[in-house]
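Take the position in the sequence shown, starting the count at 1, then add 36; the result is the number in the numbering used here.
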Amino acid sequence: MVGRINSIAIDDSKTSELAFDWYVQHYHRSEDSLTIFHLQQIPKIPAMGLLSGSIEINDEYRAIIRDSVEKTRALLQKYKALCHSFNIEFKVVLNDSYSSPGKMIVDMAKTHNVDVIITGQRGLSQLSKFFLGSTSDYVLHNSHVPVIVIPPQINSTE
């Protein structure tokens, strides 16, 4: 029997952990596969003046990039280990964050033909959502497949 292709968008937040835990406990079936989406946050090079000529990346910036890559590597290892421990067939889709995270998650879901998107919700205040926007809100309203949004405080007995 061919199962569903589920997806989960992860970062290094507690809400991603809650979403993954919820997925394992309440949604995953043995015949399903999981596509893990992660957007690599590469630090931007500081803006330079128009007359500054070419930009040389200094050692400090290289260290920042190395740190970012190592954090991503550790995060992905964590979720790979979790998938192995629960016998979940999975693949990882890593992309550079060059656009709105919500748009990128929706686009990756289309590209990888997933059946559902599961994501955590940061729990922003209404004012923060107004000014910053909400990734989960964007995904919910623009996805071509069902979206399950896991709130930051979920009762573990449900």
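For every residue, glycine included, the Cβ atom is placed at its ideal position computed from N, Cα and C.
TODO: Spatial neighbours of L111 within its chain, please: CB distance less than 6 Å, with the 5 preceding and 5 following residues excluded, ordered by chain position.
DONE: Stepping through the sequence shown from its first residue, residue 111 is reached at position 75. Excluding sequence neighbours, L111 sits near D48.
Open item on the list: For the pair the stretch 39–46 and the stretch 134–152, tell me if three or more CB-CB distances fall below 8 Å.
Closed with: yes
Task: Alpha-carbon to alpha-carbon, V142 and S179 - done: On the sequence shown, position 143 is the one that residue 179 refers to. On the sequence shown, position 106 is the one that residue 142 refers to. Computed Cα separation, rounded: 5 Å.
TODO: Would you mind working out which of Y59, Q157 and R98 sits nearest L70, comparing C-alpha positions?
DONE: Position 34 of the sequence shown, counted from the first residue, corresponds to residue 70. Ranking the options by Cα distance to L70, first place goes to Y59.
Task: Identity of the residue in F56, E106, E67 and L54 nearest Q76 by Cα - done: Locating residue 76 in the sequence shown gives position 40, counting from the first residue. Ranking F56, E106, E67 and L54 by Cα distance to Q76 puts E106 first.
Open item on the list: Considering only their Cβ atoms, is the gap separating V175 from T155 smaller than 7 Å?
Closed with: In the sequence shown, counting from the first residue as 1, residue 155 sits at position 119. In the sequence shown, counting from the first residue as 1, residue 175 sits at position 139. Going by C-beta atoms, T155 is nearer than 7 Å to V175.
- [ ] With a threshold of 16 other CB atoms inside 10 Å of the CB of Y115, please say whether the residue is buried or exposed.
- [x] Locating residue 115 in the sequence shown gives position 79, counting from the first residue. So Y115 counts as buried.
TODO: Give every residue of the same chain whose Cβ lies closer than 7 Å to the Cβ of T147, excluding the five residues on either side of it in the sequence, and list them in chain order.
DONE: Looking up residue 147 in the sequence shown gives position 111. Counting only Cβ-Cβ distances below 7 Å, and skipping sequence neighbours, we find nothing.
TODO: Can you have a look at S172 and say buried or exposed, based on whether 16 or more other CB atoms are within 10 angstroms of its CB?
DONE: Working through the sequence shown from its first residue, we reach residue 172 at position 136. Classification for S172: buried.
- [ ] Given a cut-off of 7 Å, decide if I72 and V128 are closer than it, judged by their beta-carbon atoms.
- [x] As a working note, residue 128 is residue 92 in the sequence shown. As a working note, residue 72 is residue 36 in the sequence shown. In this structure, I72 lies closer than 7 Å to V128 by Cβ.
TODO: Assign L123 to one of three DSSP states: helix, strand, or coil.
DONE: Within the sequence shown, the letter at position 87 stands for residue 123. As written in the sequence, residue 123 is Asn, which differs from the Leu given in the question. Reduced to three states, the DSSP call for N123 is coil.
- [ ] Using the DSSP secondary-structure output, state which residues sit across from S69 in a beta bridge.
- [x] Your numbering for residue 69 matches position 33 in the sequence shown. Paired residue(s): I41 and E125.
TODO: Could I get the ranges of all uninterrupted alpha helix (DSSP H) runs contained in the stretch 98–153, with 4 residues as the minimum, in chain order?
DONE: 137–147
Task: Coarse secondary structure for V175, derived from DSSP in three states - done: Counting from 1 along the sequence shown, the entry for residue 175 is found at position 139. Helix, per DSSP.
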